[in-house]
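**Q** Structure in C-alpha cells, see below.
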Amino acid sequence: MHNPLDARQLTNFCEIVNAQSMRKAAKNLNLTTSAVSHSLKRLEEDLGCKLFERDSRKMALTYTGQRLFSYADELLNNLTNARQLVNDWSDVSQKTLRIGATSSACQYLIPVALRELKESFPGMNIQIIPGTSYELKKGIDDHQIDIAIYPSTLPNYKKNQIPIGSDTLHFIVHPMHPWAIEGKADISQIESQQLIITGSKGYTFDLVDEYFRTHSVNLMPFIEIANEEVIKRLVELDIGIGILPQWMIQREELAGSLKSLPLSRRSLKRPWIITHLESKELSFMETLFIGVAKNVAENLFSNTMR
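Residue numbers for the sequence shown follow our numbering, so the first one is 242 and each next one is one higher.
Given below as C-alpha cells:
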C-alpha cells in the first residue's frame, strides 16, 4: 500500500502551477525559492516521475503533472471546505440564531423545523421572536432578527427573500353554517357575516383585503386575533367565519368540527418567504435552517384533503 501524498507538497505544487513561477510561488507561500524547489523535488521523487518539462522556459506541466494538478486542486479545495465546515459546526454552539416568525409559523412550521435541526445539532442556540409580518420585517432592518418567516404579498422576490412555498386561503365555517350545508360560499354575502381574521397589521390581511376589493366587498366588521388556533375555536363555537389555509384545519375537518370552502372560483394563493438583511451573508447555521424550513413548509402546504 502506498503512503498518502504530503498535503503541504501538493499545496506548493499547485501554487507553482498557478503562479507559473517558482519565485512567485515562494513569495505567495512565504517560503524561500529553494524551499519550494526542494518541496517539488521531494514530491517528484515520491511519485517517481517528473511533473514539469525541464527543457521549457515556462512552467509547463507534463501529462502526469496535468493529471495530478487537476486532482490535487480539487482535493485541496475539499480540505479547505472541510476545515470551514468544522469551524461552522463549532460556531453553532457559540452563536444564537434569532428567528422571527408569525403566529402560524410559530405554531406549525417552527416546531417541526427545530426538531430536525436539534437532532443534528443539539448544542444549537435558538431564539424565537414572534410578531406580525410588518414587525418581523422591521426587526430584520433593525438588526434584531437574523432571519424571518412570514407570508408575503410580493409577486417578485429580492435577493434576500427566499420563497419556501405557498398555500391557498379558504373560508373556515361551522359544519352547520348555511354555506357548509350548501357546499359553497357566497362571497356577495360576506358583509353580513362575522369575519374572524388573523390581524390587520400583516401581509395576509393585505392579500385578503385586496382580494375582496376586486369583488367589491368590504371586510368590515371583523374580529381580529393573531392566533390561528383561537380562530379555529371561535369558528367551532359558531361565533363567525375564518379565513385560513386548508392544511391548517386538516385535523378538525376530518373530525367534522370545521368545514373549509374555497373563497370563490378564483383561488387566493398566499406566498411564504424566509428573509434576511440584504447586505447579510448567510452563515452555515442560517443556510441549514432555511433548507430544513423549506422542506417542512412544502410538506405542510401539500397536506390538503382536495
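Glycine included, C-beta positions come from ideal geometry on N, C-alpha and C.
Remember, it's a predicted structure, so these values are computed and weren't measured experimentally.
1. I think leucine 292 touches leucine 309, with their Cβ atoms under 8 Å apart; what is that distance to the nearest whole Å?
2. Look at the alpha carbon of arginine 283 and the alpha carbon of threonine 321, and state the distance between them as a whole number of angstroms.
3. Does the distance from the CB of valine 449 to the CB of glutamate 432 come in under 9 Å?
4. For a quick check, are the C-beta atoms of leucine 518 and aspartate 408 less than 9 Å apart?
5. Is glycine 406 helix, strand or coil by DSSP?
6. Between which two residues does the beta strand (DSSP E) harbouring proline 352 extend?
7. For glutamate 376, does the count of other Cβ atoms within 10 angstroms reach 16, so buried, or fall short, so exposed?
8. Bridge partners for threonine 516 per DSSP, in chain order?
9. Would you tell me roughly how many angstroms separate the C-alpha atoms of asparagine 318 and leucine 358, rounded to the nearest one?
10. Who are the near neighbours of serine 543 in its chain, counting only those whose CB is closer than 7 Å to its CB and skipping five residues on each side?
11. Quick one: what does DSSP say alanine 342 is sitting in, helix, strand or coil?
12. Let me know the secondary structure DSSP gives serine 368 once reduced to three states.
13. Taking 6 Å as the limit between beta carbons, can you name the residues of its chain near glutamine 414, skipping five residues before and five after?
14. Rounding to the nearest angstrom, what Cα-Cα distance links leucine 541 and methionine 263 in this structure?
15. If you draw a straight line from the C-alpha of aspartate 197 to the C-alpha of alanine 266, how long is it?
16. Where does lysine 379 sit, in a helix, a strand or coil, going by DSSP?
17. Does the beta-carbon of glycine 341 have 16 or more other beta-carbons within 10 angstroms, so that it is buried, or is it exposed?
18. Since serine 498 is in the beta strand (DSSP E), which residue starts that stretch and which ends it?
19. Tell me whether glutamate 522 sits in a helix, a strand or coil according to DSSP, three-state version.
20. Roughly how many whole angstroms lie between the Cα atoms of lysine 400 and aspartate 387?
21. Is threonine 343 closer than 9 Å to proline 392 when the C-beta atoms are compared?
22. Can you name the start and end residues of the alpha helix (DSSP H) that phenylalanine 446 belongs to?
23. How long is the line joining the alpha carbons of arginine 454 and arginine 339, rounded to whole angstroms?
24. Which residue or residues does DSSP assign as beta-bridge partners of lysine 510?
25. Which same chain residues end up closer than 8 Å to arginine 547 when comparing Cβ atoms and leaving out the 5 residues on each side of it in sequence?
26. Can you tell me whether glycine 289 is buried or exposed, with buried defined as 16 or more other CB within 10 angstroms of its CB?
27. Could you check the C-alpha separation between isoleucine 490 and serine 508 for me, to the nearest Å?
**A** With the given structure in hand:
1. 6 Å
2. 23 Å
3. no
4. no
5. strand
6. Looking at the DSSP string, proline 352 is not in any beta strand (DSSP E); the run it does join, the alpha helix (DSSP H), is 351 to 361.
7. buried
8. Ala389 and Gln402
9. Roughly 27 Å separates the two Cα atoms.
10. none
11. Note: alanine 342 maps to strand in three-state DSSP.
12. One detail in the question is off: residue 368 reads as glutamine in this sequence, not serine. Strand at glutamine 368.
13. The sequence given here places valine at residue 414; glutamine does not occur at that position. Trp420, Ala421, Ile482 and Lys500, listed in sequence order.
14. Each residue's Cα considered, the two are about 59 Å apart.
15. This structure gives no information on residue 197, because the portion of the chain shown stretches from 242 to 547.
16. helix
17. buried
18. Bounds of any beta strand (DSSP E) do not take in serine 498, whose DSSP letter is neither H nor E.
19. coil
20. 15 Å
21. yes
22. 444 to 455
23. 36 Å
24. Looking at the DSSP output, lysine 510 bridges to Thr409.
25. In this prediction, arginine 547 scores a pLDDT of 46, lower than 50, which makes its location untrustworthy; the coordinate-derived value is nonetheless stated afterwards. Once the five neighbours on either side are set aside, the close Cβ partners of arginine 547 are Gln487.
26. Glycine 289 should be labelled exposed.
27. 17 Å
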